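One point on numbering: in the working numbering, the residue at position 21 of the sequence shown is 38, and numbering is uninterrupted.
In this text, a Cβ means the ideal position worked out from N, Cα and C, and glycines have one as well.
Since this is a predicted model, take the numbers as computed values, not measurements.
Contents: one structure, followed by commentary.
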Amino acid sequence: MDTSVAPPKKKILIVDDDESMVKAMIRFLRLDGRFDIDYAYDGIQAGEKFIQQQPDLVILDLRMPRVNGFQLCKAIKNDNLAKGVKVLIVSGVIDYEHPENIARLQADGILAKPFDNQQLKRKIDELLKPSGSTAK
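Written out as structure tokens, the structure is:
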């Protein structure tokens with residue numbers, strides 16, 4: 018009899034004002050079965066859920082109402098209580114011609130929209146792999 022305990026699920030908070038994008042990511046990630054997923058449609062709601070959920074990863078769009086992704090990413094990265102939380106930017110407005118703008122975000126990963134599910138999965142796996150892991 019196998020008495021091993023499954024590792025705890027990683028918590029992911031998806032923040033995007035595009036409801037269809039959020040629903041598509043949730044459907045795909047729930048199929049994987051390794052994640053507890055929550056979502057927010059704007060930066061204010063995301064900040065509240067971030068405090069409640071304490072996610073391992075925030076998947077974050079840059080352009081949103083109220084508090085945008087730039088502001089939210091900066092707040093997460095400057096919060097001592099959020100050390101270790103990974104931020105994956107997903108956006109259709111990424112400016113690769115000005116890398117200093119990307120670097121200023123301090124995000125752990127960037128994925129340009131549109132992307133496919135396998136690109137998203139690879140990026141999440143890369144960001145959430147255990148530290149010290151040499152698995153690729």
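The residue from L77, L144 and I61 with its alpha-carbon nearest to that of R83 is I61.
In the structure shown, V39 falls within a helical segment according to DSSP collapsed to helix, strand and coil. Between A63 and L105, the C-beta gap is not smaller than 8 angstroms, which leaves the two residues out of contact.
With respect to G109, K91 sits apart: the two C-beta atoms are not nearer than 8 angstroms. Within the same chain, and ignoring the five residues on either side of V32 in sequence, the residues whose Cβ sits closer than 6 angstroms to its Cβ are A57, A63 and L77.
Excluding residues up to 5 positions away in sequence, K103, V104 and L144 lie with their Cβ nearer than 6 angstroms to the Cβ of D125 in the same chain. The closest CA to that of M42, considering only V75, A120 and N85, is found on V75.
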